[in-house]
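Under the numbering used here, the first sequence has 270 at position 272, and the numbering climbs by one with no breaks. For each residue, glycine too, the CB sits at the ideal point set by N, CA and C.
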Amino acid sequence: MAASFRIYNTLSRSVEDFVPQVPGKVGIYVCGMTVYDRSHVGHARAMVVFDAFVRYLRHRSWDVLFVRNFTDVDDKIIRRANELGEDPVGLASRFIDVFHEDMDALGLVRPDHEPRVSRCIDDIHDVIGKLVDKGHAYVSEGTVWYAVRTFDEYGKLSGQNIDELRSPDEAGGKRDPADFALWKCARPGEVSWESPWGPGRPGWHIECSAMGCKHLGATLDIHGGGLDLVFPHHENEIAQSEAANGAQFANYWMHNGLLTMAGGQKMGKSLGNVINIDVALAEFPAEALRLYYLQNKYRSPLPWSGDALPEALGMLSRLYDAREAAEAMGGEGDADRIAKEMGKTASDVLRLGRDFEARFHGALDEDFNTGGAIGAAFELARAVNRFADHKKARKRGGPIVAPALGAFALLADGLGLLGRPVSEFHAEVKVKRLKALGLDEAAVEGMLAERSAARAAKDWARSDALRDELEGSGIIVMDKPEGVQWRVRCVAPDSATA
RNA sequence: GGCGACAUGGCCAAGUGGUAAGGCAAGGGAUUGCAAAUCCCUGAUUCCCCGGUUCGAAUCCGGGUGUCGCCUCCA
-1 MAASFRIYNT LSRSVEDFVP QVPGKVGIYV CGMTVYDRSH VGHARAMVVF
49 DAFVRYLRHR SWDVLFVRNF TDVDDKIIRR ANELGEDPVG LASRFIDVFH
99 EDMDALGLVR PDHEPRVSRC IDDIHDVIGK LVDKGHAYVS EGTVWYAVRT
149 FDEYGKLSGQ NIDELRSPDE AGGKRDPADF ALWKCARPGE VSWESPWGPG
199 RPGWHIECSA MGCKHLGATL DIHGGGLDLV FPHHENEIAQ SEAANGAQFA
249 NYWMHNGLLT MAGGQKMGKS LGNVINIDVA LAEFPAEALR LYYLQNKYRS
299 PLPWSGDALP EALGMLSRLY DAREAAEAMG GEGDADRIAK EMGKTASDVL
349 RLGRDFEARF HGALDEDFNT GGAIGAAFEL ARAVNRFADH KKARKRGGPI
399 VAPALGAFAL LADGLGLLGR PVSEFHAEVK VKRLKALGLD EAAVEGMLAE
449 RSAARAAKDW ARSDALRDEL EGSGIIVMDK PEGVQWRVRC VAPDSATA
């Protein structure tokens, strides 16, 4: 039985109860990438947010059908292809492969369908044909335009009024400046397809109407995308789809906020302030990126800085270390009885662990409040650490922290965080951070061995000198009762992402 | 010019009518050979400003200010 949840609907500008068309099923369509270059961490936010959302819905027993498209026919792709002397669809296909590499590296689940414009030309023709037949579109010099004034509800998503728009000085046979192209007449040297209106290619907006309805029916449960797509893209999708099908296009519109740079500007290729996903992931685990995104409300602007990932990595380590401490605890027996014997720190962990699921679901069911859900995880982590200081915790605390371990598993299943073995996490961090700092593991190990020898001989001066040297280059040394451990400092002085 | 969103401690941030989660940073303490990690303590009499509604508002309403996004491609 799928759990109910509430979600902010851009259409109504309010949080609403989610009501599916078919009980237990959710059809979700998310606007994907225009593939002519590598994707950056701003794109990654959108991808991670919707990945986490889909994971969560499935975790809550929803039967989710997830569709995310590729725009592989587009002005920018054609321009780039011409620059490189490459076939546009081929170039796009190449960047689709790159995108998949990035998404796999980010640990995302693949959508159920990833339609490409170039493979849905017939579906696009069908929609355009309907619009022409119904008088919502007209042909002018081989281009098919959508007549926005034929759609009374135009502007209902974005609140825009056709007469108040800054009209672009666009020429080209439009009857109204706000009209937009459904089918663009082929120009010499451009990729084109035959159509009932002559050779050409699809306009930008029509693809989503065609591909969304192809896989999910005339009405989508949820349509997602970046906040910057609300107008004109999503507004136009509504106009096309609803005029063609006579049915509401999407019941819920979900928009993720944009990544902003220092000074508040959004990250964008045209602004030259982008950090590509592969660059960020070369230095930090994908999970740190995920935590950084999910700490924040998906709808809010999210400030990016060079400190973002180091800080997120530090937070992630804190959670993993708490989980490790809990996993190391043994013993068996009745948790309540043991908690009574061991006192308040024990009963606190037990209680927080047991309450976690309700808090976790409560936060996420209310407009996907990932920040609140993660906050609860940190409270639990502190309680675990506090309990781990208890002298008998390691030997007998197992039953006490069992609910906490279950809580951490929820984080993995519901949001894709904290799902790996702790050792694997630390190993990845070590490799990536050593590389980012330009350090060699063998050299580090050598110095540590020398330092251990000095410590064994109680040569504190030598030992501390070696540690100072290591720390100067970014290695943090921890002398634990069970032996020496070391970590690579998160913050890199010469970090490429700073 | 039009449309929309947001404004919470040094920074990030949850909370949408009942009296401020969480993270980072900072200071003090415990622990440690010294550190690191961890734990404990300290910090907004207050949630941009001004009015209003209410027994009671960060949370609702009105006005103002500021920031950002969109109106051209954009996650």
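(message) By DSSP's criteria, Thr141 is part of a beta bridge. Which residues make up the other side?
(response) Ser138.
(request) Decide if the stretch 62 to 74 is in contact with the stretch 31 to 38; the criterion is three or more beta carbon pairs, one per stretch, under 8 Å apart. (result) yes
(message) Please report the distance separating the alpha-carbon of Arg173 from that of Ala135.
(response) 11 Å
(request) Please list the segments of the beta strand (DSSP E) lying wholly inside the stretch 61 to 98, counting only runs of 3 or more residues, in order along the chain. (result) 61 to 69
(request) Evaluate Met476 with the Cβ neighbour count: other Cβ atoms within 10 Å of its Cβ, from every protein chain shown; 16 or more gives buried, anything less gives exposed. (result) exposed
(message) Please return the same chain residues whose Cβ sits closer than 7 Å to the Cβ of Leu348, not counting the five positions on each side in sequence.
(response) Ala333, Ala337, Ile398 and Pro401
(message) Quick check on the burial criterion: 16 or more other C-beta atoms within 10 angstroms. Buried or exposed for Glu356?
(response) In the sequence as displayed, the identity of residue 356 is Ala instead of Glu. With fewer than 16 Cβ atoms within 10 Å of its Cβ, Ala356 is classed as exposed.
(request) Look up Phe48 in the DSSP assignment and give the residues it is bridged to. (result) For Phe48, which the question treats as bridged, DSSP gives no partner whatsoever.
(message) Alpha carbons only, please: which of Gly22, Trp302 and Val442 is nearest the one belonging to Gly255?
(response) Trp302
(message) Report the CB separation of Leu180 from Trp143 in whole angstroms; it is logged as a contact under 8 Å.
(response) Yes, they are in contact, since the Cβ atoms of Leu180 and Trp143 sit about 7 Å apart, within 8 Å.
(message) Mapping the DSSP letters down to three states, classify Pro397 as helix, strand or coil.
(response) helix
(message) Which same chain residues end up closer than 7 Å to Ala386 when comparing Cβ atoms and leaving out the 5 residues on each side of it in sequence?
(response) Ala323
(request) Could you tell me which residues DSSP pairs with Arg114 in its beta bridges? (result) Phe68
(request) Report the partner residues of Trp522 according to the DSSP bridge assignment. (result) A query on residue 522 cannot be resolved here, the shown segment of the chain reaching from -1 to 496 and no further.
(request) Using beta-carbon positions only, say whether Val65 and His98 come within less than 8 Å of one another. (result) no
(message) So the candidates are Lys478, Leu317 and Ala176; which of them puts its Cα closest to the Cα of Asn159?
(response) Ala176
(request) Note down, in chain order, each residue of its chain lying with its Cβ closer than 6 Å to the Cβ of Leu350, except the 5 sequence neighbours on either side. (result) Leu378 and Ala381
(message) Let's test the definition: count the other Cβ atoms within 10 Å of the Cβ of Ile474 and tell me whether it reaches 16, buried, or not, exposed.
(response) exposed
(request) Check the DSSP bridge columns for Gln483 and list the partner residues they point to. (result) Met476
(request) Output the distance between the C-alpha atoms of Glu426 and Pro283, rounded to the nearest integer angstrom. (result) 7 Å
(request) State the beta-bridge partners of His221 as determined by DSSP. (result) DSSP output for His221 lists Tyr27 and Trp251 as bridge partner(s).
(request) Name the two residues that bound the continuous beta strand (DSSP E) containing Lys428. (result) Per DSSP, Lys428 belongs to no beta strand (DSSP E); it is in the alpha helix (DSSP H), Val420 to Leu435.
(message) I need the boundaries of the beta strand (DSSP E) containing Ala179, first residue and last residue.
(response) Phe178 to Cys183
(request) Inspect the beta-carbon positions of Val486 and Leu416 and report whether they are closer than 8 Å. (result) Not in contact: Val486 and Leu416 (Cβ atoms no closer than 8 Å).
(message) DSSP three-state label for Val442, please.
(response) helix
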